[in-house]
Amino acid sequence: MTGSAAPAQTPSNIPSTRAILGRLRHFFTQPERLLGIVLALVLGALVLVPLFELVRETLTVQPYDRAYLPKAQPGEFTLFHYERVFAGRLSWALFYKPFFNSLVTAFAATAICLAFGAGLAWLIVRTNIPFRSFLHTLVMIPYMLPSWVMALAWITFFKNDRIGGASGAFAYFFGVQPPDWIAYGPIPIIICLSLHYYVYSYLSVSSSITSVDSQMEEAGAMAGLSRLKQFLWITAPLLLPAIGSAVVMTFIRVVGSFGTPAVLGMPVRYFVLPTQIYAAMGTRNAGDGFLLALVLVVLACLFIFINQRLIGVRKSFVTLSGKGFRNKEIDLGRWRWPLFILVILLMIAAVAFPLVLLVLQSLIKTAGNYSLSNLTLHYWIGGGGEGVDQLQSALIDNGNIIDATWNSLKLAFLTAMMTGIFGFLIGYVVVRTRGSLTSRTLELVAFLPYIFPALAFGAIYIGMFARPFGPVPALYGTFALLVLICSVKTLPFTSRTGIAALLQIDKSLEEAARVQGIGWFRRMVRIIVPIAAGGLLSGMLLSFISIMRELSLIILLVTPSTNVLAGVIYNYQNQDMPQLVGVATVLLVAIVITVNLVVRALSTKARIGAA
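Everything in the sequence shown is counted per the UniProt record's numbering, starting at 1 for the first residue and increasing by one.
Written as structure tokens, this is what we have:
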């Protein structure tokens with residue numbers, strides 16, 4: 001009996017040890033691949049691991065839970081927080097009411113932002129409205145200011161005597177106390193958030209509306225459609241991807257906003273999820289706060305998913321093809337100047353009027369009296385005088401403001417430097433390994449911090465770094481934790497600008513240097529970085545400005561020694577020190593605008609020199 005032996009594998013079918021080692025050597029001698037693995041591990045530890053830690057914290061007994069669970073030990077598994085928040089006697093106050101308030105505020109503000117921003121984009125990009133370049137710059141200014149500056153200005157003007165303290169400018173000039181629904185609550189919160197976040201809709205829609213073929217609108221006009229119907233039936237459907245992007249960005253920012261709801265809502269106990277998280281953390285109910293933060297993250301992810309499904313129903317939004325294309329300017333006729341004046345008035349209401357009010361507030365001796373005889377420079381340069389509040393020291397003598405300003409500048413600068421370096425490296429790996437799993441994973445993980453609401457992200461890092469984590473010591477209360485969380489949160493800015501800048505650099509430049517024997521580090525420093533500097537500088541500027549005005553992200557993390565300017569302003573507002581609120585806010589706005597102008601001037605000079 002003969003048996004059939006299995007055919008022996010030929011050497012060609014079995015990878016030799018030498019071939020395997022050769023492939024490994026080839027892989028590990030490519031800097032972008034090694035760098036990609038390292039960056040993916042670092043980002044995974046700073047983005048994904050904290051999210052898992054947040055989920056774990058909601059399922060474990062916290063130290064202060066022993067008041068409710070006397071037999072439990074901290075760290076044990078529990079569903080207590082889920083029962084307390086979602087099905088307990090206090091569920092309405094802890095979760096359902098703030099959740100409903102958050103949805104109302106976010107949807108209303110998002111709708112207003114979309115209508116306002118898209119309308120401005122259409123006017124400035126597609127019509128013959130006068131001074132379009134000037135208007136484009138003007139409508140961008142609110143993005144440079146903290147979102148809660150409008151709330152401070154609103155309360156300065158409309159404050160009534162309901163919660164004590166001096167009334168606002170409206171009551172002084174008109175002799176009438178504003179009703180509560182004007183001074184506090186959802187309506188002023190929605191208006192203030194809308195006047196800040198409309199910029200997202202403006203930028204997103206304006207960049208897409210330039211590619212809409214005017215011939216489509218002309219065909220609609222020939223069919224008898226009015227200009228409004230042309231926009232609603234022809235232009236708007238073509239802009240759905242841009243509109244969807246604007247809606248997502250605006251909703252996530254609004255639903256995670258803390259400063260404006262805190263200033264205009266908490267005095268009358270109008271809570272949204274971020275302010276409820278802050279209240280829970282302040283009363284030592286950390287487990288409840290972590291769970292509410294997790295709800296915010298899930299809500300943001302769910303909103304993105306629904307938006308993608310709705311936009312994905314229609315697969316074609318093509319407006320540019322091989323056929324003829326024309327982007328014709330729309331003639332506004334007699335409405336050209338009236339609409340220009342209307343936009344100017346809206347920008348005065350959104351930018352100039354709030355800043356003037358805050359400057360005026362910093363100059364009054366006694367709160368609530370806006371007469372010329374009540375003006376003083378005491379709160380700026382000192383000098384005292386009759387009628388001034390001696391408890392509010394002048395700026396030049398105010399250690400809290402000076403230290404907080406230094407902390408803000410230091411935090412913003414260090415964050416911009418760190419995100420600039422990591423954003424460049426991420427962009428380099430993503431572009432050089434385009435199409436690979438490493439590239440796709442790194443690009444996705446680097447963008448994830450953007451979709452997390454800021455205050456929820458702060459809660460995540462509290463849960464992770466309140467105690468030692470592996471080799472990392474407990475960082476809560478340290479300045480290092482502020483730098484770390486701000487760098488991770490603003491990394492999407494520099495990673496996106498880094499990718500965009502490096503996509504414009506041909507790989508052949510680096511290959512030619514490599515052939516000449518120039519090492520990877522020298523290639524980066526002497527060739528790639530100088531060419532990509534403009535894009536990287538833009539991303540670093542965005543990071544700097546974002547951190548200078550940030551409140552939601554760091555409000556749970558700052559301590560008296562690490563407090564920043566935004567935190568000091570919030571504390572002064574709670575302590576009813578309106579003059580110092582005005583001084584510190586004007587100082588913050590001046591720093592942000594000055595840095596922005598200086599960086600833009602340097603960028604322009606660098607581009608001219610390069611040309």
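The C-beta atom is built at its ideal place from N, Cα and C for all residues, glycine as well.
Using the Cβ count rule (16 or more neighbours within 10 Å means buried), how would you classify residue i?
i	result
Val313	Reliability fails at Val313, whose pLDDT of 47 lies under 50, so the model's placement of it is uncertain and the value that follows must be treated cautiously. With fewer than 16 Cβ atoms within 10 Å of its Cβ, Val313 is classed as exposed.
Thr497	buried
Pro267	buried
Trp181	exposed
Thr210	exposed
Ala67	exposed
Val525	exposed
Thr559	exposed
Ser508	exposed
Pro492	buried
Pro354	buried
Glu76	exposed
Going by Cα to Cα distance, which pick from the options is closest to residue i?
i	options	result
Val42	Leu565, Val297 and Thr441	Thr441
Leu542	Val558, Lys489, Thr562 and Val568	Lys489
Asp397	Met281, Cys192 and Val583	Val583
Ser393	Ile330, Ile499 and Val581	Val581
Gly463	Gly517, Met577, Gly287 and Gly259	Gly287
Ala40	Phe100, Ile341, Leu355 and Leu448	Leu448
Leu264	Ala242, Phe157 and Val356	Phe157
Ala72	Ala293, Leu239 and Thr60	Thr60
Pro241	Lys229, Ser201 and Tyr278	Ser201
Gly185	Val199, Ile155, Met281 and Trp337	Ile155
Residue i to residue j, Cα distance in whole Å?
i	j	result
Lys97	Val272	8 angstroms
Leu481	Leu475	6 angstroms
Leu34	Thr419	20 angstroms
Arg284	Asp65	9 angstroms
Arg514	Ile330	52 angstroms
Leu103	Gln30	48 angstroms
Val595	Ser373	35 angstroms
Leu69	Ala446	39 angstroms
Phe87	Ala532	Checking the sequence shown, residue 87 turns out to be Ala, not Phe. Answer to the nearest angstrom: the Cα atoms are 54 angstroms apart.
Pro50	Ala246	27 angstroms
Ile451	Ala45	17 angstroms
Arg309	Thr235	21 angstroms
Ile518	Leu425	19 angstroms
Thr494	Gly333	42 angstroms
Pro578	Tyr572	7 angstroms
Leu537	Ala601	12 angstroms
Phe52	Leu296	15 angstroms
His81	Ile344	50 angstroms
Leu395	Ala590	14 angstroms
Leu414	Phe173	45 angstroms
Phe479	Thr562	6 angstroms
Ala121	Arg89	48 angstroms
Short of 7 angstroms in beta carbon distance, which residues of its chain neighbour residue i, apart from the five on each side in sequence? Order them along the chain.
i	result
Ser257	Ser147, Leu193, Pro274 and Ser552
Val318	Residue placement at Val318 is flagged as unreliable, the pLDDT there being 43, under the threshold of 50; the coordinate-derived value follows with that caveat. Nothing listed; no residue qualifies.
Thr433	Glu32, Arg33, Gly36 and Ser439
Gln177	Asn160, Asp161, Ser167 and Ala171
Can you give the beta carbon distance from residue i to residue j, rounded, assuming they're within the 8 angstroms contact cut?
i	j	result
Ala459	Phe290	6 angstroms
Leu455	Ile555	7 angstroms
Ala153	Leu375	With a Cβ gap of about 18 angstroms, Ala153 and Leu375 do not count as contacting.
Val592	Ile547	The Cβ separation is near 10 angstroms, so there is no contact.
Ile189	Thr260	6 angstroms
Ile129	Leu339	6 angstroms
Asn407	Val564	5 angstroms
Ala115	Val254	With 8 angstroms as the limit, Ala115 and Val254 do not qualify as a contact, their Cβ atoms being about 14 angstroms apart.
Leu503	Val586	The pair is not a contact, with the Cβ atoms about 40 angstroms apart (cut-off 8 angstroms).
Trp233	Leu239	About 12 angstroms; that fails the 8 angstroms criterion.
Phe95	Val85	5 angstroms
Ala466	Gly567	Going by Cβ atoms, the distance from Ala466 to Gly567 rounds to 19 angstroms, so no, they are not a contact pair.
Ala280	Leu299	Not really, about 17 angstroms apart at Cβ, beyond 8 angstroms.
Residues in its own chain within less than 8 angstroms of residue i by CB, not counting five upstream and five downstream?
i	result
Leu377	Leu363 and Gly383
Leu195	Pro142, Met150, Ala349 and Ala350
Gly175	none
Given residue i, which residues of its chain have a CB within under 6 angstroms of its CB, disregarding the five upstream and five downstream residues?
i	result
Ser316	For Ser316, the predicted model reports a pLDDT of 43, less than 50, meaning its position is unreliable and no value from the coordinates is stated.
Ala412	Phe544, Ile547 and Met548
Val248	Ile304 and Asn307
Pro63	Pro74
residue 613	Within the shown structure, residues of the chain are numbered from 1 to 611, placing residue 613 beyond reach of any answer.
Gly539	Gly423, Phe493, Thr494 and Thr497
Ala416	Met540, Ser543 and Phe544
Check whether the Cβ of residue i sits closer than 7 angstroms to any heavy atom of the ligand NAP, and report yes or no.
i	result
Ala459	Ligands displayed in this structure: none; no statement on the ligand NAP is therefore possible.
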